[in-house]
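Keeping their order, the protein sequence lines are chains U, A and L.
Residue numbering for the first sequence follows the numbering used here, beginning at 253 and increasing consecutively.
Residue numbering for the second sequence follows the numbering used here, beginning at 0 and increasing consecutively.
Residue numbering for the third sequence follows the numbering used here, beginning at 393 and increasing consecutively.
Built from N, CA and C at the ideal position, the CB exists for glycine as well.
Report on one structure; see the data block that follows.
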Amino acid sequence: MDQPAHRALGLTDAEYELICEKLDREPNGVELAMFSLLWSEHCAYKHSRKLLRRLPTEGERVVMGPGENAGAVDIGGGCAVAFKVESHNHPSAVEPFQGAATGVGGILRDVFALGARPIAILDSLRFGELGSVRSRHLLDGAVRGIGHYGNSIGVPTVGGEIYFEAPYEHNCLVNAMCVGLARQKDMVRAAAVGVGNAVVLMGASTGRDGIGGASVLASAELGDGDEAKRPSVQIGDPFEESKLLECCLELLKRGLLVSLQDLGAAGLTSSAGEMAAAGGVGIDIDVARVPLREADMEPFEIMVSESQERMLAVVEPSRLSEVLAVCQKWQTGATEIGAVTDSGRVRVLRDGETVGDVPVEALVDGCPLYDLSPAAPEGWIYPNEDVLAGRVAAGAGPDADPADPAAILRALLASPSVASKRWAFGQYDSLVGSRTVRRAGEGAPGGRPAARDTADAAVLQIPEAGNAIAVSIDGNGRRVACDPYAGTVEAVLECAQNLACAGAEPLGLTNCLNFGNPEKPTPAWQLDRAIAGLADACEALGVPVVGGNVSLYNEGPEGPIYPTPVVGMVGELPDSGRTAPSAFAREGDAIALLGPLAPKLAGSELAKLRGELDIGLPQPDVAAVAAACAAVREAVRAGVLASVHDVSDGGLACALAEAAIGGGIGCRVDLQPLRSRGCSPEEALFGEGGGGFVVSGERGELESLAGDGVAVLLLGQVGGEAIEIAAGERSLSLELGAAETAWRSLPEQLEPGS
Amino acid sequence: MLIRPKEGILDPQGKAVERALPALGFEGIEHVRVGRMVELEADDPERLAELCEKLLANPLIEDFEIETIDGA
Amino acid sequence: MLWGVLQFPGSCDERDALHACRLSGEARLVWHEERDLGGVDAVVVPGGFSYGDYLRAGAIARFSPAMEAVAEFAAGGGPVLGICNGFQVLCEAGLLPGALLVNDDLRFVCRQVELLDEVGERLSIPVKHGEGRYWAPDSMLDEIEARGQVAFRYAPGQNPNGSARNIAGVTNEAGNVLGLMPHPEHAVDPLTGSTDGLRIFEAVTGSTA
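See below:
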């Protein structure tokens, strides 16, 4: 070995010395493996923990906050909704099918570890541009993997987003969100308590999955051809998880468990460590009792294995036989492997002999937390490429004029980040569980007339509480790169806007922060500013952060990814029957723009296609957007709106086109009223920004929505067979059929050679 | 045991593999069929055909072949 | 009217089926290890991924004690409804003719489809499966059609998986066992979809009267 083991495992010399200090000696191999994982960025949040303390985490509806397996909010009727989002970026870049599948598996476990039955999955995916074979391969694998796991385990996938941008080419993002439902009295925390209680490992057997880097500690040399023994890819088994899920929920319903924690990153080490830390106790683990998939695994391997579909439970000795009986009924493994102690230490034993012994506090909370050295970049550091002429030609023919607004609209609608993602969502079961009233995106699960199918957020009925919830997941990379503070505020507002479209009031937020290398000044600055934006937006909206995840070091030789905060929100609504579609419903309905939207081209899809991206973004008016959300929410609940659609990618022209396509009816509007907001015709058509809702309905009703701090600009009428937008010298008319062809062109763009 | 889709049944997996081959530089390959392989140790090899017919293969849509790897 | 809905490890849609059955009677879950159906009037073998679809969809479930009881029940003329994975289980068990193979485009598909029943009435019901392509040798298909065993076909242009002769559902010769790939239990509530699925449950209920 040409470098000290600790460096090969990713620990700095200073961190190693600190470990020696805390142990009062040098760590042995098992202990070094445990520290190297729990003190890694992924587990310890070394570079982000101090910043995350800024986030507001409290609220009267919060039942579980950050620090538990997932967050949870009270939705009445004795019920709580648990939810969380997590990343699985690096494994998905290696093997997208299994990476995405096990990402779903992991987030499901986080939710049912609380005692909540998973009732929905949503996914936020980001890849490089579609022209790249690699990106198409990753997209295909990830979608199949999510479908494979979610469909097999019987949890509907009801929403998500997919984006394609060059900075993600070598570092794709796969963020999976799960929502679950629980009776509050059945919920359980992760803290291990009760000295003398048994520690039970449930689920699949333990193999060498995910050991990877820690393999430098192996005492036995593996020969050539033995690489297969150390799989770097974790393989998910949804059938195994389905049995484990039912088993855990039954155990919790019957009050047989003291606490429960899922095994994720760093396997047994992190679960045992975190359970002990939360409970202020110690834990003994006898690795000889862990059911193994491979014979002759060493203690350190058993402690850091990331084999999937496993849970750790604390059980009172008097209830142990009942627990084992339930596990047997569900055909899922269960073995007593240790005990809760009052030692304040995690002790690893093998057949009674101690092979590792570390203080809990040192392992779980002793990792040094680092300050960042942020510095704003001088200008735009990401690629800029002018592809508009090519995109226009692809959609409208080689003679089309790239300056023609109708041709630009077609190019935007066909832009993979904007176009319909039905190709992906059609591969997910969105029906199982019979709760799905609306799937986010177009195409209702149950198939009523097209217009009623469309929605900006997923809506799930909760008969147990007599109401319903709406869920959305929204992220932004490019706009956050323009201005990390404003862009992140916008991402939070976007989520709230989507919930408002469903008539829902936000109850809580979860987030996944996907950034580059925090030891470098620019990503450090991006992270710092983004978290500030997240904190301020949540504070202003009164929405607590109940949990989340951070994924750093997403960068390659060409630089970091776009700074990408992904936000997931859950809201409640009283009546799932009263949720307006996003598509125009009736000929003759008036169309208006509700909210403070003052669109600009900065950070827009059009600026991207023109290769004109740059730093700078208008600062969102949070109060005005919040007021608009409230107005829309009330209007939807009152049944006053025929349709409502949030304005986002591609701007107002795309939002109008999407509403028209969904409803199968055109529109005739004039954007003149936007002049009063200082928008040029092109900005009015294709500019982007927060705070815009395209609403339709009876004219008088729409006008009456204007009021305290809520602006309503009447734009025109639903009707005809084209999208006709008057915008001064940039007026356009695009036939509905052509618009739909462009918007539905993603499948052809995915064909190889296109 | 090697289990293959019967001739005459559409095998989309086989077709997908066959179509992808030229792009990867493999010419002159046709009639790809994708099946399953089951390996096991048996005390009584006499019953293996029955096991195949009843469980491991569906005789309506699949053919099977039994190979002994180690006759010990 | 008492329905029995089977439950295997890996079943997904049994609760949805239970709920749908309760709209036209009473219903209980039948655990796969039970040999006694408990006096039910009709049986539903639900959708999902019993045993993870390992080996072949339905191949393992069909050997369960509960399925042995269902085979006896069916032999005695009892009505049995197999939905999606349930259809696959019934075919593997030999209670229905034919087999279900992987979709011709190799992708899982979840969408609304239009079906035609034996008298040409249209129903709008969702499908969601990765292995729903119905197949049988031509001679068997000729017999099935001649004996009026084709219960449902996908309407023209609506075949989501390449099923032979657009067959979406079949019955056994005696007519008391019905299997179909589409999910009627997901079409019983106007809030979450169409209500055409109710007709299928009612037809089975009607046959026990």
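Judged by DSSP secondary structure, L:Ser-516 falls within the beta strand (DSSP E) whose first and last residues are 514-521. Annotation: U:Thr-409 to U:Asn-403 spans about 8 Å, alpha carbon to alpha carbon. Rounded to whole angstroms, L:Ile-559 and L:Gly-474 show a C-alpha spacing of 15 Å. A distance of 7 Å or more separates the beta carbons of U:Leu-289 and U:Ala-658. Taken in chain order, the unbroken stretches of alpha helix (DSSP H) that lie wholly in the region 397-425 of chain L and span 4 residues or more are 406-413. A direct Cα-to-Cα measurement between L:Ala-485 and U:Cys-881 gives close to 55 Å.
Listed in chain order, the positions of the region 434-451 of chain L with a beta carbon within less than 8 Å of a beta carbon of chain A are Leu-447, Arg-448 and Ala-451. Neighbours of L:Glu-484 in chain A, taken as residues at a C-beta separation under 8 Å, are given in chain order as Asn-57.
In the three-state reduction of the DSSP assignment, U:Val-282 falls in the helix class, which pools H, G and I.
The region 672-690 of chain U makes contact with the region 707-718 of chain U: 3 or more CB pairs, one atom from each, lie closer than 8 Å. Non-local beta-carbon contacts of U:Cys-272 in its own chain, meaning distances under 6 Å to residues more than five positions away in sequence, involve Glu-278 in chain order. Among the bridge pairs identified by DSSP, U:Pro-611 is matched with U:Arg-597. Rounded to the nearest whole angstrom, the C-alpha separation of U:Ser-292 and L:Gly-554 is 50 Å. No residue range can be given for U:His-422, since it is assigned to no beta strand (DSSP E) and is classified by DSSP as neither H nor E. Membership of U:Gly-949 in the beta strand (DSSP E) is indicated by the continuous run 945-949.
At a cut-off of 7 Å, the C-beta of L:Ala-579 has no neighbouring C-beta in chain A. A Cβ-Cβ distance of about 20 Å is found for the pair L:Gly-522 and L:Phe-544, leaving them out of contact under the 8 Å criterion. In this structure, the beta-carbon distance from U:Ala-850 to U:Gly-868 does not fall below 7 Å. Beta-bridge partners of U:Ser-803 (DSSP): U:Asn-766. For the region 1-31 of chain A, residues whose beta-carbon sits nearer than 7 Å to a beta-carbon of chain L comprise Ile-8, Leu-9, Pro-11, Gln-12 and Ala-15.
Taking 8 Å as the upper bound for CB-CB distance, U:Ala-754 and U:Ala-722 are in contact here, some 4 Å apart. U:Phe-938 and A:Leu-23 have their alpha carbons spaced roughly 41 Å apart. L:Tyr-446 and U:Gly-355 have their C-alpha atoms some 21 Å from each other. Between the alpha carbons of U:Arg-541 and L:Val-505 lies a distance of about 52 Å.
Under the three-state reduction of DSSP output, A:Met-0 falls in the coil class, being neither helix nor strand. Along the length of the region 474-550 of chain U, whole alpha helix (DSSP H) runs at least 4 residues long occupy 490-505 and 519-531, reported in chain order.
Taking a contact to require three or more Cβ pairs closer than 8 Å, the region 580-590 of chain U and the region 434-453 of chain U qualify as touching.
A Cβ of chain L is located within less than 7 Å of the beta carbon of A:Ile-60. Close to L:Asp-496, with beta-carbon spacing below 7 Å, are these residues of chain A in chain order: Leu-9 and Pro-11.
For the options U:Leu-966, U:Leu-779 and U:Gly-943, the alpha carbon positioned closest to that of U:Glu-953 is the one of U:Leu-966. Between U:Ile-463 and U:Ser-523 the beta-carbon gap is near 16 Å, outside 8 Å, which marks them as no contact. DSSP places U:Leu-664 in the helix class (H, G or I) of the three-state scheme. Rounded to whole angstroms, the gap between the alpha carbons of U:Gly-412 and U:Gly-800 is 17 Å. Contact of L:Ala-595 with chain A is not assigned, every C-beta pair being separated by 7 Å or more.
For the pair of segments examined, the region 448-462 of chain L was found not to touch the region 405-420 of chain L: the number of CB pairs separated by less than 8 Å stays below three.
Interface criterion not met: the Cβ of U:Gly-488 is under 7 Å from no Cβ in chain L.
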